[in-house]
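First the structure, in the form of structure tokens, and then the observations on it.
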Ligand code: GUN
């Protein structure tokens, strides 16, 4: 007994390598360099780490990285003016405003100001609507990465029972849309769901995105299920600080067929998908065919 461990770190490296190859072809064939602008407002330590990692990986993929750091007390009008400049800048194909924003800002208004064609987070209402109606959209990075891992693990997802625990706009809701588009039977569970353990036990695919350390127990998992753990929770245990997911890994790995570890599962996929979205946004802006870095060469279409 023991689940297959899904190697998100390795798969993400493959996605980044395929993005870098496509970027190389854009440069040599068309003289184009995809550009990603990342905006950080304030000094949230976790956000600073994410933003630094995004910039490093953007450059490693051969793309242009534009970093904008604004003080926490910056007026919202100044952030909106920056977004307007980035919208108009032809060297910028993707714009990401790191969340959370300081309390005096309205994240909805800021997201609405981003040109949907440059919205590489996939948070703009236009992209949300396109995804929900099965049209070509820019798709949020974390659920997009989860779907890549699921396809890699299971191949065709058609007809499978999928349970997504968590209903955030960033992960839960778009994840459910993506699974529906793969012909899964989808349930979104959340903090008010009754009999959560029994709901989870139905799942062939269980995606945990609740932000509560080890909330999902091994007994909640159907034998052989594929478990995708989106949680990144820092806890103190045995006198040291460590990162754990929303799933009790030790218990779940006894029962599941395959499971993502934390760290090294979903986490590395998110930035890889951000790079892939930036590449796709650049190709669309120039009317060029879109590569699909989420699929390994020779993988089933
Ligand atoms: N903060 C945490 N996750 C994300 C994300 O995917 N995009 C943005 N913009 N901010 C985040």
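Numbering (my numbering), first residue to last: 77 to 377.
Just so you know, even glycine gets a beta-carbon here, dropped at the ideal spot from N, CA and C.
Segment contact: the segment 346-358 against the segment 209-220, three or more CB-CB distances shorter than 8 Å; contact assigned. For the options 225, 136 and 298, the alpha carbon positioned closest to that of residue 278 is the one of 298. Within the model, the alpha-carbon separation for residue 259 versus residue 146 is close to 43 Å.
DSSP places residue 135 within a helical segment (H, G or I) once states are collapsed to three. Per DSSP, the continuous alpha helix (DSSP H) segment holding residue 346 begins and ends at 343-361. For residue 164 and residue 296, the gap between their C-alpha atoms comes out near 49 Å. Where residue 186 is concerned, the enclosing alpha helix (DSSP H) starts and stops at 183-189. For the ligand GUN, no non-hydrogen atom lies closer than 7 Å to the CB of residue 297. By the Cβ rule, the segment 323-339 does not count as touching the segment 188-205, because fewer than three pairs are nearer than 8 Å.
Sorted by position in the chain, 172, 173, 174, 175, 197, 217, 218 and 246 make up the residues whose C-beta lies under 6 Å from a heavy atom of the ligand GUN.
Distance from the CA of residue 162 to the CA of residue 173, rounded to the nearest whole angstrom, comes to 11 Å.
When secondary structure is reduced to three states using DSSP, residue 218 falls in the helix class.
DSSP places residue 200 in the coil class of the three-state scheme, outside both helix and strand. Between residue 91 and residue 257, the C-beta gap is not smaller than 8 Å, which leaves the two residues out of contact. A straight-line Cα-Cα distance of about 44 Å links residue 275 and residue 142. DSSP links residue 317 through a beta bridge to 312. Pairing residue 168 with residue 238 gives a Cβ-Cβ distance that is not under 8 Å. Secondary structure note for residue 115: its beta strand (DSSP E) is the uninterrupted segment 111-117. By alpha-carbon distance to residue 283, the top candidate from 269, 271, 270 and 301 is 301. When the Cα atoms are used, residue 160 and residue 144 turn out to be separated by approximately 13 Å. Boundaries around residue 158 are those of the alpha helix (DSSP H), 152-164, since no beta strand (DSSP E) includes it. Each residue's CA atom was taken as its position, placing residue 97 and residue 136 some 11 Å apart.
The beta carbon of residue 370 is closer than 7 Å to those of 91, 224 and 352 in its chain, skipping five residues each way along the sequence. Residue 200 is classed as buried because its beta carbon has at least 16 other beta carbons within 10 Å across all chains shown. Between residue 80 and residue 333 the beta-carbon gap is near 7 Å, inside 8 Å, which marks them as a contact. By the C-beta density criterion, residue 210 is exposed, having fewer than 16 other C-beta atoms within 10 angstroms.
Its Cα nearest to that of residue 222, the residue 342 stands out among 134, 183 and 342.
With contacts defined as CB atoms closer than 8 Å, residue 93 and residue 119 fail to qualify as a contacting pair. When beta bridges are read from the DSSP output, residue 80 appears opposite 334.
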